Amino acid sequence: MGQKTFKLDNGLTVMVSRYSSHGQASVSLTVNVGHVNEPKLGLAALFEKVLMEQAAGMQAVYGGTITTYFTGGASYDLELLMRKLSNLIMAPHFNSELIKLKANDIIEHTRDLAPLPKRQMKLLYKHTAFGDAKKVWNADVYIDAVSSYGVADLKEFAEKYMTAKNMVVAISGDVSIEQVQALAEKYFAEVPAGRRHKVQNDIYTGGFNRISSPGGYRQVMLGWDVSNLSNAAEANVMMSMLSGRLERAFIGKDVDIEVKIAGYYGMRTLRISVTSHNEEEVNEFTDIICANVHRLRTTLASDRRMETSRNRAMTEKLFTFSQPQDSAVEIAWQLLGRGIMYDINERINATWQVSARDVQEIAESIFSRPLTYVVYAKKPYYTYQEVVGKL
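What follows is the structure, given as structure tokens:
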């Protein structure tokens, strides 16, 4: 796999990942704005919906503080793919009827999602982790906001955010780096330069919050800020080890387990989530999570466990970069959030070198940071200080 990053004169960053993909190419454009750093509530979502209505054969995905537009096809159609992306941002069409139609789609989707516990917990976690627990997301307020926007709002949004310095273009697959450079100049050199909108802020606080469960649904989330983590290969192996241990610890229980990097407000947290639809006590979930975190911090893993965890971490990283959407979002976040994209080959090589001592040290570094602890449960549940003490 070969990688190259370059910038056009207008400040647009282009990242090329060249690898064998059976004659296929993926092209994406990521804008440094999303649903948690938008200038007006719901405006980024509405803009994306209106834009996608004008683009056949394209997809869009949110990354919280970024919005990524994708297309792909045969490598010999690379120029067509890049022209399609260019047209999306250079010649958008806005009219009141289309805006109203897409606003209604968002409203219907919002009403479907608002009552779901999983949705409520993600919002509660985000607001608690970043010191905004009093800002409770309200579906009616969101719907009223989306309903109020018109052509002028979307044009103002486009002029501010759809600019070269606020974007990253990523091309991957069976492509020529020289061809990509030429096509990038041809189709993106005229994008207005604008400026990059900074969203990285030191706003992580951690804390505790709870939603009272009216039925059988139970969930606990624990999280820690890892936005400025430098030794990522060690963290990848540690997370793979933790995932495996939690899976084994919960054998026989009907639960969903997730250990992932969750990004909000341009920052990243390591988030552990355990969910059950049975009336089980969340304290049992919390005990199991804390016991396994404590073990990582205090006990060196065996050689066999290290080999398994390194292999799992490497497989997960390679899988991410084999998926056009996941790869594009990761590349864009690194370039927009940190200003540089790591070399995937170097990351894989570093993964093989991670030792048991490295895992223990990174676990101690991460899990000694301020905790975010949220639960969806009836009483009893542990207090914040009780959970910190168990870690």
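Just so you know, we're using our numbering here: the sequence shown kicks off at 12 and counts up by one.
Yeah, the Cβ is synthetic: ideal placement off N, Cα and C, and Gly gets one too.
Computed from a prediction, not measured in an experiment: that's the story for all the values here.
Nearest to V209 (by Cα), restricted to the options N43, Y353, Y384 and R256:
A small correction: the amino acid at residue 209 is Lys; Val does not occupy that position in the sequence shown. Cα-wise, what sits closest to K209 is N43.
So what does I272 bridge to, in DSSP terms?
When beta bridges are read from the DSSP output, I272 appears opposite L281.
Buried/exposed call for S28, threshold 16 Cβ in 10 Å
buried
Please determine if the region 154 to 161 and the region 110 to 127 are in contact, where contact requires at least 3 C-beta pairs separated by less than 8 Å.
yes
Which first and last residues belong to the beta strand (DSSP E) in which S39 is found?
Q35 to V42
From K95 to Q65, what distance separates their C-alpha atoms?
10 Å
Taking a contact to mean a Cβ-Cβ separation below 8 Å, would you say Y228 touches T76 in this structure?
no
To the nearest angstrom, how far is it from the Cα of G226 to the Cα of E290?
Each residue's Cα considered, the two are about 8 Å apart.
Please determine, among I188, W363, S338 and T362, the residue with the shortest C-alpha to C-alpha distance to M352.
The option with the nearest alpha carbon to M352 is S338.
Which residues in the same chain as T41 place their Cβ atom closer than 6 Å to its Cβ, once the five residues preceding and following it in sequence are excluded?
I77, T79, V179 and A343
Helix, strand or coil: which one does DSSP assign to S183?
strand
Going by DSSP in three states, V157 sits in which element: helix, strand or coil?
helix
Determine, using beta carbons only, whether S284 and Q230 come nearer to each other than 8 Å.
Less than 8 Å divides the Cβ of S284 from the Cβ of Q230.
For T216 and G142, which I take to be in contact (beta-carbon distance under 8 Å), what is that distance rounded to the nearest angstrom?
4 Å
For the beta strand (DSSP E) containing T220, list its first residue and its last residue.
Just to set this straight, residue 220 is Asn in the shown sequence, not Thr. Start and end: G218 to I222.
Beta-carbon contacts of Y393 that lie in its chain and below 7 Å, excluding the five residues immediately before and after:
N294 and T297
Near M173, what residues of its chain come up, given a Cβ to Cβ distance below 6 Å and the 5 sequence neighbours on each side ignored?
Residues of the same chain with a CB within less than 6 Å of the CB of M173, apart from the 5 flanking positions on each side, are I100 in chain order.
Roughly how many angstroms lie between the CA atoms of G13 and S187, to the nearest whole one?
10 Å
Grab me the residues of Y387's own chain with a C-beta within less than 7 Å of its C-beta, minus the 5 sequence neighbours each way, in chain order.
P128, M132, I222, S224, Y228, R229 and Q230
Does the region 365 to 374 come into contact with the region 189 to 207, if we say contact requires no fewer than three beta-carbon pairs (one atom in each stretch) closer than 8 Å?
no
What are the start and end residues of the alpha helix (DSSP H) that includes L99?
Here the alpha helix (DSSP H) through L99 covers L89 to M101.
Using the rule of at least 16 other Cβ atoms within 10 Å of the residue's Cβ for burial, across every protein chain shown, is G68 buried or exposed?
Result: exposed.
Distance, N303 Cα to I359 Cα
26 Å
When you compare only the Cα positions, how much space is there between A144 and H138?
Because the pLDDT of A144 is 48, which lies under 50, any placement of that residue in the model is unreliable, and the number read from its coordinates should be weighed accordingly. In a straight line, the C-alpha of A144 is about 5 Å away from that of H138.
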